[in-house]
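A quick write-up on the structure given underneath.
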Amino acid sequence: MVKIVFVSHDGSDRTELDVKAGGSVMEAAVANNIDGIVADCGGSMVCGTCHAFVSSEWFAKLPEQSEMEICLLEFVPEPQDNGRLCCQLEVSEAIDGIVLQLPAQQR
Ligand code: FES
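The sequence shown runs 14 to 120 under the working numbering.
Encoded structure:
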């Protein structure tokens, strides 16, 4: 199992999931009713509502962003250099223990 931690924008809420490898972090969040991951497009990378922030330590370990992900992240409500789209992150042992902070709002 892979541990994924979601932290609310203000840090007041923290949810730890133990998820089977395979699928995306977005799918795991939606299946577990994580507030703040909306995922309107279901992972087609057109909505940007699966946006989350990753610490610099974790950011460096993740696969590089595609051009399309970089482009879409420019249009999220709170663009930051450490933003990722959860639908583009695969649940695997490589991200075991990752902490994702949710933005104050999704579009
Ligand atoms: S679910 Fe729409 S961009 Fe990720």
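Where a beta carbon is used, it is the ideal one built from N, C-alpha and C, also for glycine.
Return the CA-CA distance between serine 21 and leucine 113, expressed in angstroms with no decimal places.
-> 9 Å
Selection from Val43, Gly96 and Asp23 that minimises the alpha carbon distance to cysteine 84 = Gly96
First and last residue of the beta strand (DSSP E) that includes isoleucine 111?
-> Where isoleucine 111 is concerned, the enclosing beta strand (DSSP E) stretches over 111-114.
Would you mind sorting glutamate 87 into buried or exposed? The rule is 16 or more other CB atoms within 10 Å of its CB.
-> exposed
Answer yes or no: the CB of glycine 36 versus the heavy atoms of the ligand FES, is any distance below 7 Å?
-> no
Between alanine 41 and glutamate 91, what straight-line distance do the alpha-carbon atoms span, to the nearest angstrom?
-> 22 Å
State the start and end residues of the unbroken beta strand (DSSP E) segment that holds alanine 107.
-> Neither: alanine 107 is in no beta strand (DSSP E) and is coded neither H nor E.
Beta-carbon separation of glutamine 119 and threonine 62 under 8 Å?
-> yes
Compute the distance between the beta-carbons of isoleucine 17 and leucine 30, then report whether it is under 8 Å.
-> yes
Are valine 32 and valine 104 close, meaning C-beta to C-beta below 8 Å?
-> yes
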